[in-house]
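A.B. asks:
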Amino acid sequence: MGIPRSDRHHIFEWSKAIAGQTDHEHGGAEATRQAVVDMAGYGDALGAERRRCPMDDTVTKMVSADDKGNQLTPEEFQAFFILMTVAGNETTRYSIAGGVEAFAQFPDQWARLQADPTLARTAAEEIVRWVSPTKVFRRTAVVDTEVGGQPIGAGDKIMAHLVSANRDETVFTDPETFDIGRNPNPHLGFGGGGPHFCIGKHLAVLEIELLFEALAKRVGRIEITGPTPRLRSYHFTGIVEMPVRIVAR
Ligand code: HEM
-16 MGIPRSDRHH IFEWSKAIAG QTDHEHGGAE ATRQAVVDMA GYGDALGAER
34 RRCPMDDTVT KMVSADDKGN QLTPEEFQAF FILMTVAGNE TTRYSIAGGV
84 EAFAQFPDQW ARLQADPTLA RTAAEEIVRW VSPTKVFRRT AVVDTEVGGQ
134 PIGAGDKIMA HLVSANRDET VFTDPETFDI GRNPNPHLGF GGGGPHFCIG
184 KHLAVLEIEL LFEALAKRVG RIEITGPTPR LRSYHFTGIV EMPVRIVAR
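Numbering (my numbering), first residue to last: -16 to 232.
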């Protein structure tokens, strides 16, 4: 993004507060509203700075016109700045925490990754399927259609439960098994395709892959040593806290 390293803790706190919209212990609606205002103000200031002094970063691209002269309006820039930072942060850290938890629960899969760290790529996809960091997205049908025998009228609002699709027994063999070698793995963790498919999918998979590849080479055993409370959220599958003991190899 081009956000200075020294400001990252602000972004992290705002992003957490926005994800905690429906969790009164972790912000609630009031903290979310304040975080949106603060983050939009921060984005505006950073955008103005990059307009004055462009740099080789994403914010500069977001405030610049494309080759046809199209440019985001100030409101679109604010919304996109928040979307990018929250979508890129909460999801990957929930995946990583959920992956650590899964490896602690299924030590045979951890031993498999240690024996062959090149499995980290398929493991990253399996972690996203297993965790389903974003549980649900809503869509509005633009034409009359039918899904799974269910008629849907133009204008109907529908909920796409990605978390359920990711355990679909008609699609996955043993969907309740955490299998780091699962391939193919047609999960819908990043959406089901189309124009809104996750823009950060490749970055996210790379982050998760590199982290677990490095851990597998260094960490012998992972143990969860206490309760792992979940974020109360209809949208995110988040672990709020997870005490972990790791034993070096
Ligand atoms: C494991 C990590 C991630 C998961 C599970 C995830 C999941 C998703 C899902 C399900 C969607 C909606 C797809 C749809 O409606 O069809 C989405 C959209 C989006 N994601 Fe991600 N995401 C992840 C990481 C990231 C990262 C790292 C970034 C940014 C660098 C990012 C930026 C976005 C943006 C901007 C959109 C909106 C795209 C649009 O509406 O056109 N995501 N993501």
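Glycine residues also receive a C-beta, built at the ideal position from the N, C-alpha and C atoms.
So does the stretch 76 to 92 actually touch the stretch 149 to 168, counting three or more Cβ pairs closer than 8 Å?
C.D. replies: Short answer: they touch.
A.B. asks: Taking C-alpha atoms, which residue in Leu194, Glu109, Val202, Val130 lies nearest to threonine 156?
C.D. replies: Locating residue 156 in the sequence shown gives position 173, where the first residue counts as 1. Of the listed residues, the one whose Cα sits closest to threonine 156 is Glu109.
A.B. asks: Please go through the stretch 160 to 222 and give each complete alpha helix (DSSP H) segment of 4 or more residues, from N-terminal end onward.
C.D. replies: Listed in chain order, the complete alpha helix (DSSP H) runs (minimum 4 residues) inside the stretch 160 to 222 are 184 to 201.
A.B. asks: If we ignore side chains and look at the alpha-carbon of each, how far apart do alanine 103 and arginine 165 end up?
C.D. replies: Against the sequence shown, residue 103 aligns to sequence position 120. Against the sequence shown, residue 165 aligns to sequence position 182. Rounded to the nearest angstrom, the two C-alpha atoms are 11 Å apart.
A.B. asks: Rounded to whole angstroms, how far is the Cβ of isoleucine 65 from the Cβ of methionine 22, which I believe are closer than 8 Å?
C.D. replies: Counting from one through the sequence shown, the residue named residue 65 turns up at place 82. Counting from one through the sequence shown, the residue named residue 22 turns up at place 39. Yes, isoleucine 65 and methionine 22 are in contact; Cβ-Cβ is about 5 Å, under 8 Å.
A.B. asks: Per DSSP, valine 130 forms a beta bridge with which residues?
C.D. replies: As a first step, residue 130 must be located in the sequence shown, where it is residue number 147. For valine 130, which the question treats as bridged, DSSP gives the partners Gln133.
A.B. asks: Kindly identify the DSSP beta-bridge partner or partners of histidine 144.
C.D. replies: The sequence position of residue 144 within the sequence shown is 161, counting from 1. Val119, per the DSSP bridge assignment.
A.B. asks: Using alpha carbons as the reference points, say which of Gly52, Thr43, Glu84 lies closest to glutamate 206.
C.D. replies: Sequence index remark: in the sequence shown, residue 206 carries index 223 (1-based). Checking every option, the nearest Cα to that of glutamate 206 belongs to Glu84.
A.B. asks: Taking 7 Å as the cut-off, does the CB of valine 111 come closer than this to any heavy atom belonging to the ligand HEM?
C.D. replies: Numbered from its first residue, the sequence shown carries residue 111 at position 128. Yes; taking the cut-off as 7 Å, the Cβ of valine 111 has a heavy atom of the ligand HEM nearer than that.
A.B. asks: Which stretch, first to last residue, makes up the alpha helix (DSSP H) that contains valine 83?
C.D. replies: Numbered from 1 along the sequence shown, position 100 holds the residue referred to as residue 83. Its alpha helix (DSSP H) spans residues 57 to 88.
A.B. asks: Looking only at its chain, what residues have a beta carbon closer than 7 Å to the beta carbon of tryptophan -3, apart from the 5 residues adjacent to it on each side?
C.D. replies: Position 14 of the sequence shown, counting from 1, holds the residue named residue -3. Around tryptophan -3: Ala18, Asp21, Met22.
A.B. asks: Considering only residues of the same chain and omitting the five flanking positions on each side of alanine 237, which have a CB-CB separation below 7 Å?
C.D. replies: The chain is shown from -16 up to 232; residue 237 falls before or after that span and cannot be answered.
A.B. asks: Sorry if obvious, but does the Cβ on isoleucine 182 come closer than 7 Å to a heavy atom of the ligand HEM?
C.D. replies: Taking the first residue of the sequence shown as position 1, residue 182 is located at position 199. Isoleucine 182: yes, Cβ under 7 Å from the ligand HEM.
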